[in-house]
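Asker:
Residue numbers (our numbering): 286 to 660.
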């Protein structure tokens, strides 16, 4: 129920049909776990899957190096990869790179090197796909460092995807690739990707996840709880991501009667677990959101984002756009709208019935308590 089998099946079907995919997903939602399981699913059907995490990168040479390392980990020299690369590298740089293709990085253009790698993958004979995790961080880091070079690289990467159509691509990210690409004039480099949004669990999946023996066995105090009491928890948590479900579950101290040898967690027990997470000693559990704002937005956007979030954290009901805009004066309406788009893309904020509010009540309470007065 909660193993993302439906999502994995859809992603596999799209890849088999020849589509390259962008799978955005907010932080802590289980996207990396999902693509790791998808890779296992596809390897069982003899696909060659190369997984690359590019968070923290800002240079194409590092991307080419990491991809080469991952491909070499999948293919033996006997597969023909080494011989194919050696022949083409010798033609490009006339030797002097030793017996490991990675040594040629820095002596050959990164795009030309990626061309060699993709050519080798196509000639390997198996169906293959490259899973790139946290692509938006790479785009952001590269574009901030050198926007012109980033444009050249990512448009060339798009051309390589078209030239080597037998190699599929799956890009994931916990920050909005579309927002980052638009900011730096890179939207066209990713226009051919089919978007598949990985959503949080629904209530049925969340109950299944919490009641899974593997999940319960990892808690400090295993528990059972009624659907009705779990629904109250879910309403407050708002965002049913595995990470936060586990955080709360690990703090539950069940006080109710035992059922089949396991104590029952009451509604009060579940609420007490959430309150426990808001103690000062647990701030690090939520620090990822502060770091997310501080590291991934320019200073002017960062200041406005903090003002918006501070204002929204004051009320469970949130604000309509006009009232929020009035509170943000002298910022322009367009600037506030752009920040709201970013915050929605990143999963912190949602808009329902024309009101903007925190997607998670628990994260709202954390922000109100520890972040709202920081600029």
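Quick reminder that beta carbons are idealized off the backbone N, C-alpha and C, glycines included.
Just how far apart, CA to CA, sit residue 576 and residue 430?
Answerer: Walking along the chain shown from the start, residue 576 turns up at place 291. Walking along the chain shown from the start, residue 430 turns up at place 145. Roughly 20 Å separates the two Cα atoms.
Asker: Have a look at residue 662 and residue 599 and give me their C-alpha separation to the nearest angstrom.
Answerer: Any property of residue 662 remains undetermined from this structure, which presents the chain solely from 286 to 660.
Asker: Could you give the C-beta distance for residue 451 and residue 488, rounded to a whole number, given that I count them as a contact under 8 Å?
Answerer: Reading the chain shown from its first residue, position 166 is the one you call residue 451. Reading the chain shown from its first residue, position 203 is the one you call residue 488. The Cβ separation is near 41 Å, so there is no contact.
Asker: When you compare only the Cα positions, how much space is there between residue 648 and residue 630?
Answerer: Sequence index remark: in the chain shown, residue 648 carries index 363 (1-based). Sequence index remark: in the chain shown, residue 630 carries index 345 (1-based). Taking the straight line from one Cα to the other gives about 16 Å.
Asker: Would you tell me roughly how many angstroms separate the C-alpha atoms of residue 241 and residue 312, rounded to the nearest one?
Answerer: Here the chain comprises residues numbered 286 to 660, so residue 241 is not present and cannot be evaluated.
Asker: If we count the other Cβ atoms within 10 Å of its Cβ and call it buried at 16 or more, is residue 641 buried or exposed?
Answerer: Here the question's residue 641 lines up with position 356 in the chain shown. Buried is the call here.
Asker: Report the partner residues of residue 636 according to the DSSP bridge assignment.
Answerer: The residue given as residue 636 occupies position 351 in the chain shown. Its beta-bridge partners are 641.
Asker: Verify whether the separation of the beta carbon atoms of residue 317 and residue 418 is less than 7 Å.
Answerer: Residue 317 sits at position 32 when you count from the first residue of the chain shown. Residue 418 sits at position 133 when you count from the first residue of the chain shown. Cβ atoms of residue 317 and residue 418: closer than 7 Å.
Asker: Taking all protein chains shown into account, decide if residue 538 is buried (16 or more other Cβ within 10 angstroms of its Cβ) or exposed.
Answerer: The residue you call residue 538 lines up with position 253 of the chain shown. With fewer than 16 other Cβ atoms within 10 Å, it is exposed.
Asker: Mind checking residue 653: buried by the 16 CB within 10 Å criterion, or exposed?
Answerer: Indexing the chain shown from 1 puts residue 653 at position 368. That one is buried.
Asker: Leaving out five residues before and five after residue 541 in sequence, what residues of the same chain have Cβ atoms less than 8 Å from its Cβ?
Answerer: Against the chain shown, residue 541 aligns to sequence position 256. Result list for residue 541: 548, 549, 550, 551, 554, in chain order.
Asker: Quick test of your reading: residue 449 and residue 474, contact by CB under 8 Å. State the CB separation rounded to the nearest angstrom.
Answerer: For this step, residue 449 is matched to residue 164 along the chain shown. For this step, residue 474 is matched to residue 189 along the chain shown. No, residue 449 and residue 474 are not in contact; Cβ-Cβ is about 16 Å, not under 8 Å.
Asker: With DSSP run on the structure shown, which of helix, strand or coil describes residue 454?
Answerer: Here residue 454 refers to the residue found at position 169 when the chain shown is read from its first residue. In the structure shown, residue 454 sits in a strand (DSSP, three-state: E or B).
Asker: Just the C-alpha distance for residue 292 and residue 628, rounded to the nearest angstrom, thanks.
Answerer: By 1-based counting over the chain shown, the position of residue 292 is 7. By 1-based counting over the chain shown, the position of residue 628 is 343. Whole-angstrom Cα-Cα distance: 24 Å.
Asker: What would DSSP say about residue 355, mapped onto helix, strand or coil?
Answerer: For this step, residue 355 is matched to residue 70 along the chain shown. Correct three-state label for residue 355: helix.
Asker: Which class does residue 519 belong to by DSSP, given the choice of helix, strand or coil?
Answerer: As a working note, residue 519 is residue 234 in the chain shown. Residue 519 falls in the helix class under three-state DSSP.
Asker: Residues in its own chain within less than 7 Å of residue 616 by CB, not counting five upstream and five downstream?
Answerer: The residue given as residue 616 occupies position 331 in the chain shown. So the qualifying residues of the chain are 589.
Asker: Run through the DSSP bridge pairs and tell me what residue 293 is partnered with.
Answerer: If you number the chain shown from 1, residue 293 lands on position 8. Partner(s): none; residue 293 has no beta bridge.
Asker: Can you tell me whether residue 645 is buried or exposed? The criterion is at least 16 other CB atoms within 10 Å of its CB, across all chains shown.
Answerer: The sequence position of residue 645 within the chain shown is 360, counting from 1. Per the 10 Å Cβ criterion, buried.
Asker: Name the two residues that bound the continuous alpha helix (DSSP H) containing residue 596.
Answerer: Sequence index remark: in the chain shown, residue 596 carries index 311 (1-based). Looking at the DSSP string, the run of the alpha helix (DSSP H) that includes residue 596 is 584-597.
Asker: Using the rule of at least 16 other Cβ atoms within 10 Å of the residue's Cβ for burial, across every protein chain shown, is residue 638 buried or exposed?
Answerer: Translated into positions along the chain shown, residue 638 becomes position 353. Looking at its Cβ environment, which holds fewer than 16 other Cβ atoms inside 10 Å, residue 638 is exposed.
Asker: Which class does residue 348 belong to by DSSP, given the choice of helix, strand or coil?
Answerer: In the chain shown, residue 348 corresponds to position 63, counting from 1. Residue state, collapsed to three classes: helix.
Asker: How long is the line joining the alpha carbons of residue 328 and residue 288, rounded to whole angstroms?
Answerer: As a working mapping, residue 328 is identified with position 43 in the chain shown. As a working mapping, residue 288 is identified with position 3 in the chain shown. Straight-line Cα distance between these residues: approximately 18 Å.
Asker: Roughly how many whole angstroms lie between the Cα atoms of residue 612 and residue 570?
Answerer: Translated into the one-based positions of the chain shown, residue 612 becomes position 327. Translated into the one-based positions of the chain shown, residue 570 becomes position 285. Approximately 29 Å between the Cα atoms of the pair.
Asker: Determine contact between the segment 331-345 and the segment 396-412, defined as no fewer than three beta-carbon pairs at a distance below 8 Å.
Answerer: The segment 331-345, when compared against the segment 396-412, does touch it at the 8 Å Cβ threshold.
Asker: As a quick exercise: from 341, 394, 402, pick the residue whose alpha carbon is nearest that of residue 354.
Answerer: Walking along the chain shown from the start, residue 354 turns up at place 69. The option with the nearest alpha carbon to residue 354 is 402.
Asker: Which residues in the same chain as residue 671 place their Cβ atom closer than 8 Å to its Cβ, once the five residues preceding and following it in sequence are excluded?
Answerer: One cannot answer for residue 671 here, as it falls past the ends of the chain, which runs 286 to 660.
Asker: Please report the distance separating the alpha-carbon of residue 305 from that of residue 483.
Answerer: Here residue 305 refers to the residue found at position 20 when the chain shown is read from its first residue. Here residue 483 refers to the residue found at position 198 when the chain shown is read from its first residue. Spanning the two alpha carbons is a distance of roughly 15 Å.
Asker: Could you please give the first and the last residue of the uninterrupted alpha helix (DSSP H) stretch that includes residue 438?
Answerer: Here residue 438 refers to the residue found at position 153 when the chain shown is read from its first residue. Residues 432-448.
Asker: Pop quiz: residue 469 and residue 320 are said to be a contact at Cβ under 8 Å. What is the actual Cβ separation, rounded to whole angstroms?
Answerer: Your numbering for residue 469 matches position 184 in the chain shown. Your numbering for residue 320 matches position 35 in the chain shown. Between residue 320 and residue 469 the Cβ distance is about 25 Å, and since that is not below 8 Å, they are no contact.
Asker: Which residues bound the beta strand (DSSP E) around residue 413?
Answerer: Numbered from its first residue, the chain shown carries residue 413 at position 128. It spans 413-418 - the beta strand (DSSP E) in which residue 413 sits, taken as one unbroken run.
Asker: What separation, rounded to the nearest whole angstrom, lies between the Cα atoms of residue 525 and residue 477?
Answerer: Counting from 1 along the chain shown, the entry for residue 525 is found at position 240. Counting from 1 along the chain shown, the entry for residue 477 is found at position 192. Approximately 30 Å between the Cα atoms of the pair.
Asker: Expressed to the nearest angstrom, what Euclidean distance is found between the alpha-carbon atoms of residue 301 and residue 535?
Answerer: Numbered from its first residue, the chain shown carries residue 301 at position 16. Numbered from its first residue, the chain shown carries residue 535 at position 250. One C-alpha to the other measures close to 39 Å.
Asker: Would you call the CB atoms of residue 655 and residue 584 closer than 7 Å?
Answerer: Here residue 655 is taken as the residue at index 370 of the chain shown, counted from 1. Here residue 584 is taken as the residue at index 299 of the chain shown, counted from 1. In this structure, residue 584 does not lie closer than 7 Å to residue 655 by Cβ.
Asker: Grouping DSSP H, G and I as helix and E and B as strand, with all else coil, what is residue 306?
Answerer: Position 21 of the chain shown, counted from the start, is the residue given in the question as residue 306. The answer is strand: DSSP assigns residue 306 an E or B state.
Asker: Give me, in chain order, the residues of the same chain whose beta-carbon lies closer than 7 Å to that of residue 436; leave out the 5 immediate sequence neighbours on both sides.
Answerer: Taking the chain shown and counting its residues from 1, one reaches residue 436 at position 151. Cβ within range, chain order: 470, 471.
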